[in-house]
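Below is one structure, written out as C-alpha cells; comments come after it.
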Ligand code: 13P
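Residue numbers (this note's numbering): 598 to 823.
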C-alpha cells in the first residue's frame with residue numbers, strides 16, 4: 598500500500614515562493630499518497646490532482662460571525678480534502694483544548710475532510726507515552742466512533758524541528774500500539790530528513806514533514822527516494 602507523506606508548510610512561503618513550489622512539485626509524479634498543507638491564503642494556488650490539498654487548521658464553529666476563522670465548509674469549497682488538527686504548536690502556542698480539537702474533528706468529518714490528528718508529548722518513556730496517547734485520544738475523539746477518515750500523526754514534541762528524530766524502535770512500538778488498539782493509520786513526524794525517511798516510513802504508515810518539506814527542491818529529493 599502507498600505510504601502517506603504530509604508536507605506541513607506551516608507559516609512559510611510568500612506568494613512567489615508558493616507559485617514556484619507548486620510548479621516544482623507538479624513537475625513529477627510520486628509513489629506516495631501525498632498531502633500538502635500550505636497557509637490558507639494559498640489553497641487556491643495549490644490546487645492540483647497530484648496530491649490532497651490540505652489545510653493546517655479549521656474552525657471549531659460551523660459558520661457565522663467568527664472574525665479571522667475559516668470553516669470546514671469554506672475549506673471544502675476551495676478544494677481541500679484534508680486538514681491537520683491539533684498540531685502541538687496549536688495546542689501549546691494557541692491554547693487549543695481537547696474540547697476545541699474534538700469539535701474541529703467532528704466538523705471536519707461531517708464535511709468529508711480527512712483528519713490528520715496530531716498527538717505526542719515529550720516522550721519520557723514508552724509506557725508514559727502510551728498512557729498519554731490513550732488519555733489524549735479519549736478526549737480528542739470523544740463521541741466519534743468511525744475512525745476511517747482519521748490518520749494519527751504521532752509527533753513527539755521534543756523531536757520537532759531539532760534535527761533528531763525519535764529512535765526507530767520507539768516509533769515502531771508506538772505505531773503498533775495505536776494501530777492495534779484504535780485501528781487507525783499512523784504516521785510519524787519530528788525531524789524527518791533525507792537520512793532517516795526510508796527507515797521511518799518502513800516502521801509506520803508514513804511521515805509528516807515540517808522543515809524538510811518547506812523548500813520544494815529539497816522535498817522532491819525526499820519524495821524521490823520513497
Ligand atoms: P519538523 O519536520 O521540522 O521537525 O516538523 C515536524 C512537524 O511539526 C510536522 O507537522
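Glycine included, each C-beta is placed from N, C-alpha and C at the ideal position.
Is residue 683 near the ligand 13P, judged by its Cβ being under 8 Å from some heavy atom? Looking up residue 683 in the chain shown gives position 86. Not under cutoff, so the answer is no.
Can you find a heavy atom of the ligand 13P that lies under 8 Å from the Cβ of residue 686? Translated into positions along the chain shown, residue 686 becomes position 89. Residue 686: yes, Cβ under 8 Å from the ligand 13P.
Quick check for students: name the residue ranges of the beta strand (DSSP E) that lie wholly in the region 701–733, counting only runs of 3 or more. 711–716
Could you tell me the distance, in whole angstroms, from the CA atom of residue 778 to the CA atom of residue 613? Taking the chain shown and counting its residues from 1, one reaches residue 778 at position 181. Taking the chain shown and counting its residues from 1, one reaches residue 613 at position 16. Their backbone Cα atoms lie some 44 Å apart in a straight line.
In whole angstroms, give me the CA-to-CA distance for residue 561 and residue 678. Any property of residue 561 remains undetermined from this structure, which presents the chain solely from 598 to 823.
The ligand 13P heavy atoms versus the CB of residue 608: any closer than 8 Å? Along the chain shown, read from residue 1 onward, the residue named residue 608 stands at position 11. No - the ligand 13P has no heavy atom lying nearer than 8 Å to the Cβ of residue 608.
Test item: CB-CB of residue 789 and residue 621 under 9 Å: Your numbering for residue 789 matches position 192 in the chain shown. Your numbering for residue 621 matches position 24 in the chain shown. No; because the gap between Cβ atoms is not below 9 Å, this pair is not in contact.
Can the beta-carbon of residue 804 be found closer than 9 Å to that of residue 784? Within the chain shown, numbered from 1, the residue matching residue 804 stands at position 207. Within the chain shown, numbered from 1, the residue matching residue 784 stands at position 187. In this structure, residue 784 lies closer than 9 Å to residue 804 by Cβ.
Does the distance from the C-beta atom of residue 737 to that of residue 695 stay below 9 Å? Position 140 of the chain shown, counted from the first residue, corresponds to residue 737. Position 98 of the chain shown, counted from the first residue, corresponds to residue 695. Yes; because the gap between Cβ atoms is below 9 Å, this pair is in contact.
Integer-rounded CB distance, given that residue 754 should sit under 8 Å from residue 685: Walking along the chain shown from the start, residue 685 turns up at place 88. Walking along the chain shown from the start, residue 754 turns up at place 157. At roughly 5 Å, the Cβ-Cβ gap stays under 8 Å, so residue 685 and residue 754 are in contact.
Proximity test, residue 759 beta-carbon vs the ligand 13P heavy atom, cut-off 8 Å: For the purposes of this step, residue 759 is taken as the residue at position 162 of the chain shown. At least one heavy atom of the ligand 13P is nearer than 8 Å to the Cβ of residue 759, so yes.
What's the C-alpha gap between residue 702 and residue 673? Here residue 702 refers to the residue found at position 105 of the chain shown. Here residue 673 refers to the residue found at position 76 of the chain shown. Approximately 14 Å between the Cα atoms of the pair.
Say yes only if the C-beta of residue 649 is nearer than 8 Å to one or more non-hydrogen atoms of the ligand 13P, and no if none qualify. Numbered from 1 along the chain shown, position 52 holds the residue referred to as residue 649. No.
From 743, 747, 791 and 739, residue whose alpha carbon lies closest to that of residue 761: For this step, residue 761 is matched to residue 164 along the chain shown. Closest by alpha carbon: 791.
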